[in-house]
Structure formats: C-alpha cells, structure tokens
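According to the working numbering, the stretch in the sequence shown is residues 79 to 1208, in order. Structure record follows, encoded as structure tokens.
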Amino acid sequence: MPEIPVLGVPVNFPFTPYDSQKDFLTKVIEALQKNQNALLESPTGTGKTLCLLCASLAWLETHQARLQFQTSQSLASGYEIQRLDEQLKAGVVIEQLPPGFGNSRTRIIYASRTHTQLSQVMNELKRTSYSRFRTAIVASRDQLCIHPGVMKETSNQAKQAACRVKVQTRQCHFYINVEKKKDLFALNNPNDSKSNILDIEDLKILGNKHKCCPYYISRSAAKDYADIIFMPYNYLIDPAIRKRHGIDLEGSVVIFDEAHNLAQVAEESSSVEITGLEIASALQELDAILGYLENLGKDQLENDNFAHGPDTDSLNFELLTLENVTKLKGVLIDLEKEIGNIELSQDRELKEGGRYLFELLGKVELGFNTYLPIYQIVDAAIGYLTSGGYSGIHSKAYGLGRFVNFLKVVFESDSYNIAQSPEMRKSHMASFYRVYIHEREPANKSYWSSASTANRPVRVLAFWCFSSGFSMMDLQKQGVRCIILASGTLKPLSSFSSELRIPFPITLENPHVISSNQISVAVVKQGPESVILNSNYQNRSNPRYHTSLGYAIMQIAKAVPNGMLVFFPSYTVMRSIIDSWNARHIMQCIQRYKQLYIEPTNKEEFQLAMEQYYAMVNDATANGAIFCGVCRGKVSEGLDFVDKNGRAVVITGIPYAPAKDPRVVMKKSYLDQQLKDQSQKTVLTGTQWYNQQASRAVNQAIGRVIRHQFDYGAILLLDTRFASSYSREELPAWVNSHLEVHESFSSVIRMLNKFFKEVPAFVEARKAELQPAESPKPCGAPKISLNGEAALSSKLGLSASTVYSHTPAVPDMTVVKGGSSTALSSQPPKKKIKMQMVAGLVNRASSALEPACLSAFKEVSNETKENKLKLVSEALYKCRLLLSKEKFIGVKSSLLEYHRSKDISNMKQCISILLEQDTTHSVICRFRDVVSSKHRDKFEELLEQLESDRSHNLTDVSSIPSSSQLQSSQPLASQKKARYAATLSLFTECKKSLSPEQNKQVKIALLAYKNQGSVAELVLAIHKTVIENSRTFLEKLRGALRSADLTEYDRLIESESTCVGSLPTSAQFSSAASMYDCPLDTQSSSVSKVLEYGHSVSLKLQISGGPIDISNSTQIADQESLETCDNELL
79 MPEIPVLGVP
89 VNFPFTPYDS
99 QKDFLTKVIE
109 ALQKNQNALL
119 ESPTGTGKTL
129 CLLCASLAWL
139 ETHQARLQFQ
149 TSQSLASGYE
159 IQRLDEQLKA
169 GVVIEQLPPG
179 FGNSRTRIIY
189 ASRTHTQLSQ
199 VMNELKRTSY
209 SRFRTAIVAS
219 RDQLCIHPGV
229 MKETSNQAKQ
239 AACRVKVQTR
249 QCHFYINVEK
259 KKDLFALNNP
269 NDSKSNILDI
279 EDLKILGNKH
289 KCCPYYISRS
299 AAKDYADIIF
309 MPYNYLIDPA
319 IRKRHGIDLE
329 GSVVIFDEAH
339 NLAQVAEESS
349 SVEITGLEIA
359 SALQELDAIL
369 GYLENLGKDQ
379 LENDNFAHGP
389 DTDSLNFELL
399 TLENVTKLKG
409 VLIDLEKEIG
419 NIELSQDREL
429 KEGGRYLFEL
439 LGKVELGFNT
449 YLPIYQIVDA
459 AIGYLTSGGY
469 SGIHSKAYGL
479 GRFVNFLKVV
489 FESDSYNIAQ
499 SPEMRKSHMA
509 SFYRVYIHER
519 EPANKSYWSS
529 ASTANRPVRV
539 LAFWCFSSGF
549 SMMDLQKQGV
559 RCIILASGTL
569 KPLSSFSSEL
579 RIPFPITLEN
589 PHVISSNQIS
599 VAVVKQGPES
609 VILNSNYQNR
619 SNPRYHTSLG
629 YAIMQIAKAV
639 PNGMLVFFPS
649 YTVMRSIIDS
659 WNARHIMQCI
669 QRYKQLYIEP
679 TNKEEFQLAM
689 EQYYAMVNDA
699 TANGAIFCGV
709 CRGKVSEGLD
719 FVDKNGRAVV
729 ITGIPYAPAK
739 DPRVVMKKSY
749 LDQQLKDQSQ
759 KTVLTGTQWY
769 NQQASRAVNQ
779 AIGRVIRHQF
789 DYGAILLLDT
799 RFASSYSREE
809 LPAWVNSHLE
819 VHESFSSVIR
829 MLNKFFKEVP
839 AFVEARKAEL
849 QPAESPKPCG
859 APKISLNGEA
869 ALSSKLGLSA
879 STVYSHTPAV
889 PDMTVVKGGS
899 STALSSQPPK
909 KKIKMQMVAG
919 LVNRASSALE
929 PACLSAFKEV
939 SNETKENKLK
949 LVSEALYKCR
959 LLLSKEKFIG
969 VKSSLLEYHR
979 SKDISNMKQC
989 ISILLEQDTT
999 HSVICRFRDV
1009 VSSKHRDKFE
1019 ELLEQLESDR
1029 SHNLTDVSSI
1039 PSSSQLQSSQ
1049 PLASQKKARY
1059 AATLSLFTEC
1069 KKSLSPEQNK
1079 QVKIALLAYK
1089 NQGSVAELVL
1099 AIHKTVIENS
1109 RTFLEKLRGA
1119 LRSADLTEYD
1129 RLIESESTCV
1139 GSLPTSAQFS
1149 SAASMYDCPL
1159 DTQSSSVSKV
1169 LEYGHSVSLK
1179 LQISGGPIDI
1189 SNSTQIADQE
1199 SLETCDNELL
C-alpha cells in the first residue's frame, strides 16, 4: 500500500492517489494541523470518503504518537512514575499532570446523513490499513434494541421509556450481560483489525448470539475507548442526544460527510411543533395515572425493586404523586386554553418573533427556571405508562412524548449558554427562531377526540429555527479542534459558509477525475413534437406538456443502454405526470423499450423496487430499466448507480419548494430581515436562498450518473429554464463545461447515439492507459473484477444467475460489494490463499476441468507462476462461456497436450476452434501470453496460417447460395426462410412503433419492393414514414431484404443518416438473422431462437409440414393474424 507524505504526515492510501485526491488529503491535514475549519467540495466519484478517513486517521496516529512521546519525556524529566502511579491509585487529587498525561483525548467524530451512508463509510474503512483503529457507531434503541418487549412499542419515545424501565428494574437480561460479555464484541481488540469495525447489523447479530445489549455496548464503546465514532447528523447536532450518549466533543475532530444537507438538518433538528390534539392526548394519559393512584388508595407511586445501572438514564416514579400529576395537568390545561385563545388572521394563522413563545409559556409558569421539575414529572409519567405495570389505550404515551420533546427543544437546545441569565437566553434564541400558529382541518378522528371536538379545526404551535448557525455555533463552542465539511454539491462555498455562521478558513473546489469524452450534457428545450418543455407551476398540468415529456423519455430510453434515472421536482408532480401517461397509453409505449419503476414513499416498498430495478438492468434478455424518482428523495441521495445501473440521468424540472408554503415564506422573510443588519453583510437574500436550494437538489441528482474515473453517462436537462445563464452558473463546473443547448429534439437523439457508440471504446483505451501504471486496488489481496464477465454474459443473452448456475462456488472467497463494482476478494495475501483463489477461478470456469490442466503450469518460475495461473484460468473461463461443451473440451485437451509435449503444433486445434467465434480474439491473445515465450513467434505464425486458410474457405455473406448448397449445408437456415422470419419480426415492430396509417404505408412500400422494386425506392418511401431514429425498425427491415441489396441498403441509409439517425454499417451485420432481437410470431409456425456462444446467432425454423416455398404465398395464407397485404409480402 503506497505511503504518501502530506505536510509531514505519512498517509497510507489503498492506491496511488489522483492529483485531486492529493489536494483533498492536503486540505484535510492542513485543517487538522492548524485547528481550523474546512469546507471541501469534490465531485462524486473522486474518493472523498476514502480521503477523509485516511487523512484524518493518519493525522490521529501521528498525533497520538506525539502525545505519548511528550508524556514519556515529561515523566522522565520531572516526575517519578512510580510515585505518581501510587498517588493516582490512592485517590490523591493531583493539581497538575504532566503535559499529555491523560488530560487530552482526541477522537474523530464522523457524521453523515443516514446510518445507511455510515455503513458504506465503515466498509470503506475496512479497505484501508487504518481498520485497526477502534470504532463505535451511535444509534437509537429503535435500531439497536433486541429485547422483544421493547421492540413491540410503536414510537421511539415509548421504546426509550420501556427500555429504561426494564434496565432499572433489572428485567432486561441483555443489559445485565453487558459488563460480562462486552469484550466478546472485540470493539477494543487491537490485534483483530476487522473485528474493530462493527456496524448496526453486526452489533445486532453479535448481540443476539451472545445475549448482550447492542445499544449499551455501543454507548460504552463511544464513551470509553473508540478512536473514531460514527453517527448521523442529528445525533451530533442535538445536545440532548449528545448528553444521553455521553459524547464529549472537547478536543475532538468533527467531520460531516455529504454535508450538502447539513443546513437543512440542523434547522429541522432545532425546530418543534405541538398540536392541540397532542395536548389533549397528554391530558387523558395523565387522567389514566390519576385513576390508577385513586384505585390504589395511594398518593404516590414507589420505586420498588428499581436499580440504577452505571450507564442508564434513571426514572424516578416517586415524582408521580397526586399533587405533582395534578399540577402537571393544570399546566397542560392552561397551555391548551392559551393557544386556543390566540386571535388569528383571516388566513387562520399568526406569525411572530421567537420571543413570543417565551411570553406565551410564561403565562402557564413555564420558563428556563421552572421547566425542569415539569420535565422530570412528564418523563416519569412516560416511563410508567410504557412499563409493564400499566396496560391500556394510553400505554404508548404519545401525547406526553410529544410534550416532553417540545420542552427539550425550547429549553435545552441552547446548551452552551445554559449558565446565562434567562433573559439573555431568550434574546439569543429569539434571533434564530420564529413562531407560527395556524389552524388545520383534522385528518381523521383520533382516540382522544371527543364527539364535540372531533370536527373542530386543530391548532398547531410551531417553533421554527431559521438558521443552521444556531446549532453550528453551539457545536463550535463545545471545544472541538476543527469542523470539516465535505460534499460534491456545496457550490457556492461563500454562501454555504454564511448560512452556517462559523468561519471556514480552508476551502477546496476540486475538478472531476473523468475525461471530457466520458460525459455528455444537454439542455433539451422541446420534445419530439416541438412542444416546449417547461415544468413551471403554470405549465406542469398542461396535457400537451405531459405528452411531449413522455414521448421524449421514450425516445431517450431507446437511445440509452442499460439503466436510466428520471427525476421529477416533487412527488406531487411525478404522480400527476405518471397518471397522465397511463391515461394516454404513453406508459405502455415507454415500457416497450425499458421497464419503468417508480420511487415509493414506503421504506419496504422502496427496497423492493430498487432490487427489481437492479435485477432488470442486469438481465441480459431485457433492454435495461428506468427508475423514476424525486429530487431530494431517497434515490437522489446516497444511492450508488455505478456503471450500467445509471447510464443517464434525466432531470424533468427545477425542484423549487412550494412558494406559498408558510415555512418557505417565513424563511425568506427572515433572511431579508437579517440582511438589513449591517453585521450580516454576507447573508443571502430570501430569493437567493430559494433558488440555491433548488439548484443544489438538481446537482445532487446529477451526481448519481458518474461514480468513478472509468464510469460514463449522459445528463439530460428537460426544461427550457436550464438554458438561462443563471441556471447554468448554478451547475457544477464539471457539468457546465460540457453543457450544450439543443433547439431540436432530433439533435439530442443523434448526440446520444454517437456518444454511446463511441464512449465504451474510449473508456477501455483509457483503462489500458492508466491501469498498467497504477491500478486502484483495495488493500490486501487483489480483486478480480466481474465486469468483463457480466458484459460477456450480456452479449450471450444470459443473466448472471444463468452463467453461474452450472458452476461451483469459489472456495475460500468472499463477495465484497463496495467501490465501483462488485468484485471477488480473497483473504490476506498469503501464498496458500492466492493459490486457492486461482484454483477457485478455474473451478468456476468448468466443473469438468481436470487438475492436470493447471498442474502443467507449475513448472514455471516462482515469479511468474501466479500470473501464468491467472491467465490460464481467465482464458479457460471465457472459453467456457463462449464455446459449446464439446468445443471447450477440445480447447482444454489441446492446451493440456501442448504443455505435456511442449510442441506448439498441438495448439492448432485450440486456435482453430477459437477462430470460428467472432468474439474470441481477446481470448486468443490470452493464450498467446500463456504459451512459453520461445514459442510465441511460432504461435503467431500458426495463427496467421489458420486465419489465411479460414478466409479462403469462407463464403461471401452477401452472395446467395444455390439450392443444393442450402439443402446440404443449411437446410433449416436458408436465406429465404431468414427473410420470412425477419418479415414477421418487422411486422411486430411496425405494430409497436407506427400508427395504423404508417404501418399501411410501410407494407405498401415493401410490396412494391417485393415485385422487383429497387431498394432505393424502398428507402425513399419509408423515410417519410419511419419513426425518427428508430434503429430497431431499420435493422429489422434490413433483415427482410434480398441479400444482393444489403450493401446498397447500407449505403443509402448511411447517406440519409441525418434524417433517420445513426445506423450500423454493413460490417456490423454478420447476417440478417443476427439482428432479430424480438420474439417471432409462432401462431402457425414453431419458431425457436437458439443462441450459440459468441456474436453469431443461428435461427432455426422448425416448420411443421416440411420446407415452405416462400415465393408461394398461398402456403401461408391460413395465418389469420396477418392481413392480406402481409400474406402477399410473405
């Protein structure tokens, strides 16, 4: 693994970094050394996560070593170690310890938006040499608890309370086992690096295995000994969550990955709402407790058999006295009354400053000095209701849970200024918050609604934070060393920094690592019918716009291979357009080319939809798939559509937030007000913020298409507004520099056809250029990519499951999903393991492969043995895919005989078999490398001789064989029968692609051609009829022509390419039958399509009743499915 010195810090990187990665590493190290914040933007696919991990942990390693050295120096010079140790053991308080001796602990806090993203980060960490560092992941009880009694609760608040009760009453045997069995989790095992990294699923598996609580194991690790702690944004921003998990930020390094959402998450985490119905629910829950106390004849509950563990949040049930519960009920009744008495405007709303809430709560005696006793009573009440001691309709404590969360946000968010006077705290929070009170219609009748209130409007009290700076400044004041923000979409950095209100002296804007030839970007201003594409509010409901957009996506789906993503501005717009497509039968037209999937809002349904999409993209018998998602949705955030899973991203509009949404209106007003303050000169205006939020959502969706340096794809912006100078400036630099504005839709399709025709060869050439010098590989044993095999199976029309269903599993191998592709990774690079890896590849190639075929290669030197074995195994594996079983055995025997005799002539049979296949040139090259170096010249001579002999024996594909030749050599695949099958397939395509009138015109043109017409007349006739750029149609039409006319047809189509789009040349047609890519009509004939190995596809028609004379149309006149014109043509 290369070691790169960065500002004096040795960084171990899994491969030699690109220049942009070196710049990124340098900026991270600079921020850590200078204790300064950093704002780092680098496009998707440039390795941000890997750079963040390697740079921060390399610095931490150096920092820890420096502290240890300083400690040892101080002890040696001024202290006696033994005396100091005795004093510490005796409990003597030492006023001043030596520098670096236990009084400074630096950790890395790594935050991302979701736990799913954090799992991906932890997998990246396993690839590095820094996996030896001790890790912890912070998660909620909802995600980590394995106690059945707790997990049956529906709300997080109820689960939290139920867990705390069971822990305190010693009823949770999982918690009891924590101290005894936490070492089994190996979270602090420096000798087993892989076991140091456990994500949520790993913790739950081990927890169930050892009957030990994953939640408290994780808390213990984060609090006591973890070097790097992973957690979502809100866990780090929320002071209450930090306190609950014992996370001390002093001296820590805080890293926010995927930080483009940080401002929004920070504002939402610091905001809260409560409704009148929730207060009513809380009152009924208190009534349940009062009733229970009255039935017991007691005036308070007792903490019988309660024990407080060393790491628990204690509950005090003794607070639940008649007096306290009655007092709490009075506070809630008064609050409900005060909210109900507020006079609203005609729009049934009230907008006020942040101080208004504190004045309102002061009327019910809730303030910074008085809230804590109320909070503790509510907390105890929730614990009682969710414990096993109470059962009933109020056991979920929903209303009280909402109220306690309201109190936490209002009175505990400003954690740093907690020592200040209440008046100062009110003023401080008021500068960041606004109050919004409104009425809404009840969604449905709730269990706490009485008959008299069921149909009354519900009042909502909202306390909204409108500046992420409130949370970020509080975070900065916790004593962190520095805060590092990284993402692919932070542009513009200056405004992003101003939103967070903390300084970022260190910044970086990285370019992309791909070449300009690997991306195609276009603004599409109008659809195929010349209808303007504009998804603004006034036009998004226009039926003509829906139709034009649908046909545009259909044509794009025909031109784009594999997977394709389509993003809409919102769920509402997506549902409206999808419904319109279904009503107008446009959806059926789109799905003729690619299966379409729609992003659901349900988590389980979403996972299923993604699995189906990936399966369809990787199904070699299908044409790929389309996934429709929403900007800011799950698909646009964090999911990996690498390589063929995402060859194009289509943006159908600009995702502006609803302009009249109260929160949007108040946010814009808040920013405009802040701008009037002279001290806030860099703050955005409300309109600038509004536009930038939409642009960042677009940029994030665009980032799904390019995932690594060898990926490629197209970005299509289907909205005329993207052509404006402002919209173009908001796009990432690596996108804007390649953007083209297209006035006509046909030019877009020509661009796509050309791009996807040329880019694969360019990428392969770039791989060959860059990878031999230094190929990015994970640490440990090398990975052997399956991309080539997947592509090969795609050519053969086989799915991955079909290819591997007849091959045994690879021994001692594990499947690793990460990085840019799915790959096979072996165990650490020991000689024995490597040999098992190669042997496993050969077993995958063929279950019938004898060990002798590999053992013959063991005579080579130790230096080249592994390389030789790898070449042999790869060549044999590809042969197994390309050849029939008999031919594969012939190749294997020939190769084995060569290595036994060392006679190159024994390779003749092998080369002859391979030359019969059009796709085996690369395999022949591999066999050339396999033979001994002294035999390579003879190998090439033998190859040249066999190629020459073969060329003399081949028949010109454009010539028509005689009847005797057809009967003797190809009785079932004559050209006439191939033309018959091609005509049937052409009819199927006509029905799919053309209107009835166009279908009729094409058949008339074909009939004229059949009656001794010229191919030039046919091309001229169909040019006005054929769907623009219908490559499939023209390919099928070619298959129905006479062989003698094929060359002229290709020339004519090539000359007319400006009208019909890019078409393959005659060299790309090995035979007419090879282009049949649709199922044939089998109503009167038993037609079987047989895929041979390689490109050559033989079509065998098994027709009952013997051969048919195609020229005699009466023999097929009984086909009721064909019209009279069809019969005459056939």
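Built from N, CA and C at the ideal position, the CB exists for glycine as well.
Tell me where the alpha helix (DSSP H) around residue i begins and ends.
i: F645; result: Unbroken run through F645 is the beta strand (DSSP E), 641-646; no alpha helix (DSSP H).
i: K986; result: 986-993
i: S36; result: Not covered by the structure: residue 36. The range shown for the chain is 79 to 1208.
i: H251; result: 251-254
i: A116; result: Element bounds for A116: not the alpha helix (DSSP H) but the beta strand (DSSP E), 116-119.
i: N286; result: 278-288
i: I411; result: 400-419
Reducing DSSP to helix, strand and coil, say where residue i ends up.
i: R828; result: helix
i: F541; result: strand
i: S190; result: strand
i: R799; result: helix
i: A811; result: helix
i: S528; result: Here S528 scores only 46 on pLDDT, less than 50, and its place in the model should not be relied on; the value that follows carries that caveat. Residue state, collapsed to three classes: coil.
i: D335; result: strand
i: S330; result: coil
i: T679; result: coil
i: G479; result: helix
i: F67; result: Lying outside 79 to 1208, the shown extent of the chain, residue 67 is not represented and no answer is given.
i: I584; result: strand
i: G369; result: helix
i: N394; result: coil
i: K908; result: Any reading at K908 is ruled out, since the residue's pLDDT is 36, under 50, leaving its predicted position unreliable.
i: I515; result: strand
Measure from the alpha carbon of residue i to the alpha carbon of each residue in the options, then state which is nearest.
i: T798; options: Q778, L276, S613, Q238; result: S613
i: E430; options: Y303, Y748, V727; result: Y748
i: I676; options: L327, F823, H225, G707; result: G707
i: T730; options: A564, I793, E715, V536; result: I793
i: S545; options: E328, W767, A693, R710; result: W767
i: S593; options: Q787, I186, D280; result: Q787
i: S209; options: P92, L314, T192, S648; result: P92
i: H516; options: P500, P535, S505; result: P535
i: K459; options: K260, L371, S423, M502; result: The question names Lys, but residue 459 is Ala in the sequence shown. Per the Cα distances, L371.
i: S491; options: T184, T1066, M551, V538; result: M551
i: M632; options: D718, V728, Q596; result: V728
i: S509; options: Q751, P621, L413, F684; result: Q751
i: Q987; options: L364, Q249, S972, H977; result: S972
Go to residue i, then tell me how far its beta strand (DSSP E) extends in each direction, as first and last residue.
i: C709; result: Unbroken run through C709: none, as it is neither H nor E.
i: K965; result: That residue, K965, is in no beta strand (DSSP E); its alpha helix (DSSP H) goes 963-979.
i: A698; result: Careful: A698 lies outside any beta strand (DSSP E) and carries neither H nor E.
Any beta strand (DSSP E) of 3 or more consecutive residues that is wholly inside the segment 213-249: 213-215
Runs of beta strand (DSSP E) lying entirely within the segment 729-796, each at least 3 residues, in chain order: 791-795
Residue ranges of each alpha helix (DSSP H) within the segment 600-646, 4 or longer: 621-637
Cβ contact (3+ pairs, closer than 8 Å) linking the segment 818-835 and the segment 598-609: yes
Cβ pair count under 8 Å reaching 3, the segment 776-792 against the segment 109-124: yes
Meets three-Cβ-pair contact criterion under 8 Å: the segment 737-745 and the segment 294-310: no
At least 3 beta-carbon pairs within less than 8 Å: the segment 477-490 vs the segment 448-455: yes
Three-pair Cβ contact test at 8 Å for the segment 712-723 versus the segment 181-197: yes
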